[in-house]
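Numbering (the numbering used here), first residue to last: 5 to 60.
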Amino acid sequence: ELPEGFVRTATSDVCGIEAMADTDEDLYGVQWHPEVAHTERGDEVFENFVAICESA
């Protein structure tokens, strides 16, 4: 269940809410660990996550 004002922005086969956002309040959340670097594109995912946070 999402908090009031939030929308789901990502899902997966194992989780109905992987990410959510309240863009009116510049609030964003993820269920996974964006800092994980041991995956094929982990560094890229983290860099994009930081860029989005910095621009909000």
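Where is the CB? At the ideal position from N, CA and C, for every residue including glycine.
Check: Helix, strand or coil at aspartate 47 according to DSSP, with G and I counted as helix; Outcome: helix
Check: Residue range of the unbroken beta strand (DSSP E) whose run includes leucine 6; Outcome: Neither: leucine 6 is in no beta strand (DSSP E) and is coded neither H nor E.
Check: Which residues DSSP lists as bridging aspartate 26, in chain order; Outcome: Leu31
Check: Where alanine 14 falls: helix, strand or coil (DSSP); Outcome: strand
Check: Buried or exposed by the 16-neighbour rule on C-beta atoms within 10 Å, applied to alanine 25; Outcome: buried
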